[in-house]
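*Asks:* Chain order of the listed sequences is A and B.
In terms of this note's numbering, the first sequence opens at residue 7 and continues consecutively.
In terms of this note's numbering, the second sequence opens at residue 37 and continues consecutively.
Backbone N, C-alpha and C define an ideal beta-carbon position, used for all residues, glycine too.
Got a structure here, written out as structure tokens. Questions coming.
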Amino acid sequence: AQKVTQAQTEISVVEKEDVTLDCVYETRDTTYYLFWYKQPPSGELVFLIRRNSFDEQNEISGRYSWNFQKSTSSFNFTITASQVVDSAVYFCALSEAQGGSSNTGKLIFGQGTTLQVKP
Amino acid sequence: DAGVIQSPRHEVTEMGQEVTLRCKPISGHDYLFWYRQTMMRGLELLIYFNNNVPIDDSGMPEDRFSAKMPNASFSTLKIQPSEPRDSAVYFCASSLAARNTGELFFGEGSRLTVL
């Protein structure tokens, strides 16, 4: 069965601190995709990143970085030098490829981690 | 380009009333998803369509919920009769399989309160 676990319910940091959000997933498929979405206080869901199961390269985008490790089934997200605007709920999600390599976008979400960055 | 458009943004109704939520996906997208978000259960997939055809409705809570997609540019999620436990934010999302990214584009959500 597919499952995504975000063990951290809430994290509070002070501005400029680094923070890592954990994500552990379960799947029986060899081809799958992992995502992070951000939900700011306004409520919309914003796509941050996608990773496929064949690409374990870590990725950095500005202050954001992602660490994908298949050996531990983890896809952790680090924010460097956090800012107040980073305060949001962050969701990790899993999508399994269907029909071979086709990816429909059917996502299974973790419960989310609420990040509060204090000034 | 316009994103996914949902209406209404907020709905307050009384138990027993019929509720209809509407969604216009991004033009050209061939998948449409309805998700529900609650504090207790997080983000749950209710149903999704491919080319207007329902593919998986296993997440629909019960017979009170129904969803339709009469054409590529419109979908509805109906609750009849509504109950207080249906109070949640309902998100519609669309995607384009051909891009093979699995990225969902979400609407801003419809916040439903059933009194």
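(1) If distances are taken between C-alpha atoms only, which option among A:Asn73, A:Leu51, A:Val52 comes closest to aspartate 61 (chain A)?
(2) Between phenylalanine 127 (chain B) and arginine 56 (chain A), what straight-line distance do the alpha-carbon atoms span, to the nearest angstrom?
(3) Can you tell me whether DSSP reads proline 120 (chain B) as helix, strand or coil?
(4) The stretch 41-58 of chain A: which residues have C-beta closer than 9 Å to a C-beta of chain B, in chain order?
(5) Which parts of the stretch 65-121 of chain A are runs of the beta strand (DSSP E), unbroken and 3 residues or longer, counting only runs that do not cross its ends?
(6) How long is the line joining the alpha carbons of threonine 11 (chain A) and tyrosine 39 (chain A), rounded to whole angstroms?
(7) For the candidate residues A:Ser80, A:Thr84, A:Ile17, whose alpha-carbon lies nearest to that of leucine 100 (chain A)?
(8) Just the C-alpha distance for aspartate 28 (chain A) and proline 46 (chain A), rounded to the nearest angstrom, thanks.
(9) Using the beta-carbon count (16 or more within 10 Å), is lysine 112 (chain A) buried or exposed?
(10) Taking the C-alpha atoms as reference points, what is the distance between glutamate 139 (chain B) and phenylalanine 53 (chain A)?
(11) May I have the straight-line CA-CA distance separating serine 111 (chain B) from proline 125 (chain A), to the nearest angstrom?
(12) Which of the three DSSP states, helix, strand or coil, is assigned to alanine 103 (chain B)?
(13) Going by beta carbon distance, what residues of the same chain come within less than 6 Å of threonine 149 (chain B), once the five residues before and after it are set aside?
(14) Glutamine 117 (chain A) versus chain B: which residues are under 8 Å apart at the beta carbon?
(15) Whose C-alpha, out of B:Gly39, B:Ser43, B:Gly143, B:Leu132, is nearest the C-alpha of histidine 88 (chain B)?
(16) Which residues, in chain order, does the stretch 14-32 of chain A contribute to contact with chain B at a C-beta distance below 9 Å?
(17) In the DSSP assignment, find the beta strand (DSSP E) that holds glutamine 42 (chain B) and state where it starts and stops.
(18) Would you mind reading off the limits of the beta strand (DSSP E) that contains histidine 46 (chain B)?
(19) Does aspartate 24 (chain A) come out as helix, strand or coil in the three-state DSSP assignment?
(20) By the criterion of Cβ-Cβ separation under 7 Å, what are the contact partners of glutamate 144 (chain B) in chain A?
(21) Taking just the CA atoms, how far does leucine 68 (chain B) sit from glycine 49 (chain A)?
*Replies:* Reading it off the structure:
(1) Here residue 61 (chain A) refers to the residue found at position 55 of the first sequence. It is A:Asn73 whose Cα lies nearest to the Cα of aspartate 61 (chain A).
(2) Reading the second sequence from its first residue, position 91 is the one you call residue 127 (chain B). Reading the first sequence from its first residue, position 50 is the one you call residue 56 (chain A). Each residue's alpha carbon lies about 20 Å from the other.
(3) Here residue 120 (chain B) refers to the residue found at position 84 of the second sequence. Proline 120 (chain B): helix per DSSP, three-state reduction.
(4) Phe41, Tyr43, Gln45, Ser48, Gly49, Glu50, Leu51, Val52, Phe53, Arg56, Asn58
(5) 65-67, 70-75, 80-85, 94-102
(6) Stepping through the first sequence from its first residue, residue 11 (chain A) is reached at position 5. Stepping through the first sequence from its first residue, residue 39 (chain A) is reached at position 33. Looking at the two C-alpha atoms, the distance is approximately 15 Å.
(7) Taking the first residue of the first sequence as position 1, residue 100 (chain A) is located at position 94. Nearest C-alpha to leucine 100 (chain A): A:Ser80.
(8) The sequence position of residue 28 (chain A) within the first sequence is 22, counting from 1. The sequence position of residue 46 (chain A) within the first sequence is 40, counting from 1. So the two alpha carbons sit approximately 18 Å from each other.
(9) The residue you call residue 112 (chain A) lines up with position 106 of the first sequence. Lysine 112 (chain A) should be labelled buried.
(10) One-based indexing of the second sequence puts residue 139 (chain B) at position 103. One-based indexing of the first sequence puts residue 53 (chain A) at position 47. Taking the straight line from one Cα to the other gives about 7 Å.
(11) Against the second sequence, residue 111 (chain B) aligns to sequence position 75. Against the first sequence, residue 125 (chain A) aligns to sequence position 119. Cα-Cα distance, rounded: 42 Å.
(12) What you label residue 103 (chain B) is simply residue 67 of the second sequence in a count that begins at 1. Three-state DSSP puts alanine 103 (chain B) in a strand.
(13) On the second sequence, position 113 is the one that residue 149 (chain B) refers to. Cβ within range, chain order: Val48, Ser123.
(14) Indexing the first sequence from 1 puts residue 117 (chain A) at position 111. Result: Gly78.
(15) Locating residue 88 (chain B) in the second sequence gives position 52, where the first residue counts as 1. In the sequence on display, residue 88 (chain B) carries asparagine and not histidine. When each option's Cα is compared against that of asparagine 88 (chain B), the closest is B:Leu132.
(16) none
(17) Here the question's residue 42 (chain B) lines up with position 6 in the second sequence. That run of the beta strand (DSSP E) goes 41-43.
(18) Position 10 of the second sequence, counted from the first residue, corresponds to residue 46 (chain B). First-last of the beta strand (DSSP E) with histidine 46 (chain B): 46-49.
(19) Mapped onto the first sequence, residue 24 (chain A) falls at position 18. Correct three-state label for aspartate 24 (chain A): coil.
(20) Sequence index remark: in the second sequence, residue 144 (chain B) carries index 108 (1-based). In chain order: Gly49, Glu50.
(21) Numbered from 1 along the first sequence, position 43 holds the residue referred to as residue 49 (chain A). Numbered from 1 along the second sequence, position 32 holds the residue referred to as residue 68 (chain B). Rounded to the nearest angstrom, the two C-alpha atoms are 19 Å apart.
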